[in-house]
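Below you'll find the structure, written out as C-alpha cells, and then a few comments.
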Amino acid sequence: MKAYKFRIYPNKEQTEKLEFALDTCRQAYNMMLGELNEQVVIDKAQIQAMLPDMKICEPKFRGVYSKTLQYECYRLFSNLSALRVLKQNKKKVGRLRFKGKGWFKTINYNQSGFKLDKENKRLSLSKIGNIKIKLHREVEGNIKQITIKNSIDKWYVTIITDAVIKTKCGDKVIGIDMSPSKFGVRSDGVKISMLKEIDVTLMKLKKSHRNLSRKKKGSKNRLKTRKQLQKNYWRLNNQKVNFYHQTSYKLVKECKLIGIEDLSIKGMMMGYYNAKNFQKSGWSTFINKYLIYKAESAGCQVWRCDRFEPTSKKCSCCGWINKELKLSDRTFNCSKCGLIIDRDLNAAINIKKTCRQGTCLCGVDSSTVEKQQESVLKQEATSFTEW
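Once you know that position 63 of the sequence shown is 840 in the numbering used here, the rest is easy, because the numbers rise by one and skip nothing.
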C-alpha cells in the first residue's frame, strides 16, 4: 500500500459538515463501547448491528456516510486487540475509555463514498460535497481508502492506494553509530547531523511552555497560547519527518547493506545526564518507521549489531578493548597499536565488521537462502532415489 497526504480547503459549509461527521462518529463509538462493556461474552456482530437501530432512533446518524460509521466498529475492536497485545506483553493497561468532545480528529471513507477529480483538483465525499484539494504530486494506483484529519484548524487527507513503488539500492556497505552530539556517524566518515531548524523550534517550544504556565486557566489568553504551543509541536514533527525521510532515502539509495547498533534508549535516558539529546534524535522512530520499509522496497539489507558488542570501546584496527572509556571521551586512543580516531567513527567501523553476526531486520539473509537451497537439493535427491 502507498499513502499520499494532501492539504484540503473546505468552505464554511463543508467545514461544518466535517465537524458534524467527526462528532457523530465519536458518539457512535461511545455507544458501541457502552454496549461492549455490558456484554458478558463479546459479540462483534451484535455491536455492528446497532448501527441501523441508531439511525432509526436518532436521525442525525443518517447525515453521516454509512461506511464511515461502520469503520468506528472496526476502530473499537482494533483498539481492543491492541490492549490485549499490551497485556500479553505484561504492560499495565486499563480499559477502553469514552471519547470526550474534541478527541476525535479523523474520519475514514473505506472502499466507497469518495471520488478524486485530478483535472479539476476536487475531492468528492459523500454527505459532504466537493472539496478543493492541493495535488502537489501524482496519485498512482487504485484508491482503496481515504482518511480525513483535522489538525490545528487545518484539514488534511491521506489517500491510500494499491500502488507498489520500488527503488534501487546502491553498492556500499556501511555501519552507522548513533551519537548524542550528532545524529549519527557512518563508517566511511560521513557525519549525519540534524537540521538546525529543529533546535530553533525546540527553543520556541520551551518559551511557549513557559508562557502557558503563566496564563490563568479558562482565560482566552491561555487558549491562544495553547494553540501556539500546538503549532510549534506540529512544526517540530514536520521537520523531524522531513529529516527522517530524506536521510533514510539517501542511505538506501547509496547502500546495499546498512549496519546499525541495538540501543536501549529508555535505559540510556535513565542512566545518563544527556536524556534530552537522546530523546531529540528519535533513533528508534527513524529505524523502525522510515529506514526499514524503504530498505525493504529497494532490496537493501539492514542488520542490527548485538547489543552487548563493545563497539565503542573496541579498537577497529587491532581489537583491543578500552574498558575505562567514558561517554564524555570523544576520542579513542589505542594503547596497543597507537590508533587515534574519533570515538563515533571507530564504533561505526566496528558495527560494519560485526553487524552480520547480529539479526537481519529486513532484506534476504544469505545464510537462510543457502539453507533453503540445501533443503531443496536434499528433497530432489530423496525423490530421485525413491523413483
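All C-beta atoms, glycine included, are put in the ideal place defined by N, C-alpha and C.
- Counting along the chain, the unbroken beta strand (DSSP E) around L902 starts and ends at R899 to L902.
- When C-alpha distances from Y1067 are compared across F1020, K1043 and E1038, the shortest belongs to F1020.
- Exclusion of the five residues before and after H913 leaves no residue of its chain whose Cβ lies closer than 6 angstroms to its Cβ.
- Cβ atoms of D1121 and D976 stay farther apart than 8 angstroms, at about 20 angstroms.
- The shortest C-alpha to C-alpha distance from L846 to any of L860, G811 and Q804 is the one to Q804.
- By the neighbour-count criterion, in which 16 or more other beta carbons inside 10 Å mark a residue as buried, A798 falls on the buried side.
- Counting only runs of 4+ residues, the alpha helix (DSSP H) found wholly inside the segment 791-863 occupies 821-825 and 827-834, in chain order.
- Counting every other CB atom within 10 Å of its CB across the protein chains shown gives I1064 a total of 16 or more, marking it as buried.
- Around the beta-carbon of A1124, 16 or more other beta-carbon atoms lie within 10 Å, marking it buried.
- Burial check for M809: the Cβ neighbour count within 10 Å reaches 16 or more, so the residue is buried.
- In the DSSP assignment, G906 falls within the unbroken beta strand (DSSP E) covering G906 to K911.
- Scanning its chain for C-beta atoms nearer than 7 angstroms, with the 5 sequence neighbours on each side dropped, one finds around C1095 the residues C1111, K1113 and C1114, in chain order.
- Counting C-beta atoms within 10 angstroms of its own C-beta, P829 has fewer than 16 neighbours from the protein chains shown and is therefore classed as exposed.
- Excluding the 5 residues flanking it on each side, K968 has same chain C-beta neighbours closer than 7 angstroms at K959 and V962, in chain order.
- Distance from the CA atom of F875 to the CA atom of C850, rounded to whole angstroms, is 14 angstroms.
- By the neighbour-count criterion, in which a residue is buried when 16 or more other Cβ atoms sit within 10 angstroms of its Cβ, W1080 is buried.
- Three or more beta-carbon pairs separated by less than 8 angstroms are not found between the segment 1048-1063 and the segment 1085-1102, which leaves the two stretches without contact.
- Straight-line measurement puts the Cα of T1062 at about 20 angstroms from the Cα of K868.
- Of the candidates K794, T1131 and K892, K794 places its Cα closest to the Cα of R839.
- Residue state for D1119 is assigned as strand, using DSSP reduced to three classes.
- Bounds of the alpha helix (DSSP H) holding Y1021 are K997 to E1031.
- When the alpha-carbon of E974 is set against those of K943, N1015 and L1028, the nearest one is in N1015.
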